[in-house]
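By the count of the working numbering, the sequence shown reaches residue 175 at its end, each step adding exactly one.
Note that CB positions come from ideal geometry on N, CA and C, so glycine has one too.
No experiment lies behind these values; they were computed from the predicted model shown.
To keep things clear, I will list the structure first and then write my remarks on it.
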Amino acid sequence: MLYTMLTATGTNPFQTVSEPIIGLLNMALTPALGIVGALGAIYCIILGAKLAKAEEPQDREKAKNSLKNAIVGFVLIFVLIVVLKLGMGAMETWMNNTIQ
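If you want it as structure tokens, here you go:
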């Protein structure tokens with residue numbers, strides 16, 4: 076049926092559906108990088124201040140672990156957004172080649 080649709084119309088019906096989605100993702104990724112960067116930096120500063128103010132050893136250890144986890148999560152989210160932004164063109168090309 077898909078082959079019949081493609082040969083009958085001469086165009087790819089999935090391309091008209093995918094182009095707005097890809098455009099929306101491309102537009103959303105750039106602000107997402109800025110938002111994640113700003114929120115991650117603010118959160119790490121707050122956790123760093125909490126670590127500096129901790130007087131008890133267990134509070135200091137808890138604050139240190141929280142800061143480590145926040146930094147790992149921040150880096151992971153940032154890397155995934157960058158990979159998605161860089162891989163968007165390759166995914167679009169792959170999708171167009173697969174469907175045609």
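Interface flag, residue i vs chain C, CB-CB below 8 Å
| i | result |
| --- | --- |
| Met163 | Given the protein chain composition of this structure (a single chain), no chain C is represented. |
Residues near residue i by beta carbon distance below 6 Å, same chain, minus five either side
| i | result |
| --- | --- |
| Ala107 | Ile156 |
| Met76 | At Met76, the pLDDT of 49 sits below 50, so the modelled position is not reliable and the matter cannot be decided from this model. |
As assigned by DSSP and simplified to three states, the class of residue i
| i | result |
| --- | --- |
| Glu131 | coil |
Neighbourhood of residue i by C-beta distance below 8 Å, restricted to the same chain and skipping five residues each side
| i | result |
| --- | --- |
| Pro132 | none |
| Met163 | Ile97, Leu100, Asn101, Leu104 |
| Ile152 | Val111, Gly115 |
| Tyr118 | Ala145, Phe149 |
Ignoring anything shorter than 4 residues, give me the alpha helix (DSSP H) runs that lie fully in the region 118-174, in order along the chain. DSSP assignment within the region 118-174 yields the following whole alpha helix (DSSP H) runs of 4 residues or more, N-terminal first: 132-174.
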